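Going by the numbering used here, the letters in the sequence shown line up with residues 1 to 256, in that order.
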Amino acid sequence: MGLGQKLEDARNRKGISIREATESTKIRSDYLSSFEAGDFNINLPEVYLRGFVRLYAHYLGLDHDAIVADLEVELGMSSQNQRKSLGSITSNEMSDTKDSSPSTKKNSLRSANRALIPKVVLAVAAVIILLVPVLFLVISNDSDSEVMFAEENNDLTVTEKTPEISEVIAQGILVNNELKLATIGPIERLIICDEGEIPKKYHEFSNLPIGWEKAIEFKNSFRCYSSSLENLRFAVDDGPEKKAEGTGAGNFSWTK
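This is how it looks when you write it as structure tokens:
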């Protein structure tokens, strides 16, 4: 029996709908539907994918360690199928090439060369057309620059001017922040994502007891997922200890 079928059968035995499972686990309904369909090729980091599958299995009363092991097998089979598909395409192309006669190859090369010349000319012309406005902007640009970026659903515009030496020093000192974590109750799963790092850096913890404490360095912003938000306390740098809002599984973020 496939992993998706195991999850679906366990949910049906409990008489739970996808919507009810979503409300209890805080996992999106489309993710749960994909899990039960055996489709794990979704746009999620693997650390989050494993965490969500483990949490869903625990909610359904299944052996979550065994379910995660089945997930590893599913992910491995998906990678092998992709490699086999690429290999078969390559071998078919090679056999077609071998079956071609020498005269056909020569004619194909001549036709390809004739067809390639206009494309090369057009590509060179396009590059020249694109470079002219870019060079104009570089030459006419002054010392001020505007940086636009989007962080998930929030658009933020930052106008950056030539900084003074004191500002550069201050910015260098404030790059790293410290996140202090503590538990007042057991937490099965805790994931911290350092969103200031490129690429993003993840810290994953499992089966945390009461009284567990940890200090983690991060840059400017982080996102936290906890299977029991009510049992988590956190503080940033020398700030006061705060309570994570909500109960049960969920996530929150902090930005400088």
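For every residue, glycine included, the Cβ atom is placed at its ideal position computed from N, Cα and C.
None of the values given here were measured: they were computed from a predicted structure.
query = From which residue to which residue does the beta strand (DSSP E) around residue 195 run?
reply = Here residue 195 belongs to no beta strand (DSSP E), and DSSP marks it neither H nor E.
ask   = Is residue 248 closer than 9 Å to residue 229 when the C-beta atoms are compared?
value = yes
task = Can you tell me the Cβ-Cβ gap for residue 3 and residue 71, rounded? I've got them flagged as a contact below 8 Å.
result = 6 Å
query = Is it true that the region 37-55 meets the region 16-24, where meeting means three or more beta-carbon pairs spaced less than 8 Å apart?
reply = no
key: Local Cβ density within 10 Å of residue 54, reported as buried at 16 or more and exposed below that   = buried
query = If you compare alpha carbons, which of 221, 21, 10 is closest to residue 61?
reply = 10
request  = Measure from the alpha carbon of residue 254 to the alpha carbon of each residue in 215, 213, 243, 222, then state which is nearest.
outcome  = 222
task = Could you tell me the distance, in whole angstroms, from the CA atom of residue 195 to the CA atom of residue 124?
result = 40 Å
inquiry  = Can you look up residue 222 in the DSSP assignment and give me helix, strand or coil?
reply    = strand
Residue 5, buried or exposed, once every other Cβ within 10 Å from all chains shown has been counted against 16 = exposed
ask   = DSSP on residue 227, reduced to helix/strand/coil?
value = coil
ask   = Alpha carbon to alpha carbon, how far is residue 191 from residue 224?
value = 6 Å
query = According to DSSP, which residues form a beta bridge with residue 204?
reply = 191
message = Between residue 244 and residue 213, how many whole angstroms is the CB-CB distance? I'm expecting something under 8 Å.
response = Not really, about 15 Å apart at Cβ, beyond 8 Å.
task = With residue 12 as the anchor, note down where its alpha helix (DSSP H) starts and where it stops.
result = 3-14
ask   = Looking at C-alpha atoms only, which residue of 185, 32, 178, 128 is the closest neighbour of residue 236?
value = 178
query = Roughly how many angstroms separate the alpha carbons of residue 202 and residue 217, rounded to a whole number?
reply = 11 Å
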